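What follows is a short report on a single structure.
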Amino acid sequence: MRYVIKYANDKVEEEIKKFVMSLQKPTIEKILRAFDLLELFGNRVGLPHSKSMGGGLFELRIRGREEIRFFYTFKKGVIILSAFKKKTKKTPERELNTAIKRLHNI
């Protein structure tokens with residue numbers, strides 16, 4: 030079974046696609062591979078690619094020159110909630126709160 034990847038809403042989709050297109054080509058390629066993993070394995074994807082944040086929220090981890098994170102959940106497939114460039118070891122509170130708010134609005 031392949032998991033369908035969707036976005037929380039049209040605005041989120043536009044925001045994330047614009048963000049991804051601003052990244053370096055090798056990073057975009059890594060994102061596409063990570064999305065392929067999500068489509069193929071869904072909730073069976075674990076570390077180092079994905080991490081549960083609790084409450085039905087997951088973090089897709091893109092490692093490399095640019096550290097990128099996607100927050101997502103599972104509801105009839107994969108729903109991408111937000112994305113950001115990680116610059117510190119700790120996940121920024123603002124990014125986490127945005128993802129949680131979008132999760133509750135689904």
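When the letters of the sequence shown are read in order and numbered with our numbering, they come out as residues 30 to 135. From the three backbone atoms N, C-alpha and C, an ideal C-beta is built for every residue, glycine too. Please read all numbers here as calculations on a predicted model, not as lab measurements.
Enumerate in chain order the residues of its own chain whose CB-to-CB distance from residue 77 is below 8 Å, with the five nearest sequence positions on each side excluded.
90, 92
In whole angstroms, what separates the C-alpha of residue 41 from that of residue 73?
25 Å
Sort 37, 33, 31, 30 by Cα distance to residue 128 and report the nearest one.
37
CB-CB length for residue 95 against residue 56, believed under 8 Å
5 Å
Mapping the DSSP letters down to three states, classify residue 61 as helix, strand or coil.
helix
Residue 28 lies in the alpha helix (DSSP H); which residues open and close that run?
This structure cannot speak to residue 28, because the chain is shown only from 30 to 135.
Which value, in whole angstroms, describes the spacing of the CA atoms of residue 113 and residue 49?
9 Å
Range covered by the alpha helix (DSSP H) that runs through residue 82
Here residue 82 belongs to no alpha helix (DSSP H); instead the beta strand (DSSP E) covers 79-83.
For the beta strand (DSSP E) holding residue 95, just list the boundary residues, first then last.
Here residue 95 belongs to no beta strand (DSSP E), and DSSP marks it neither H nor E.
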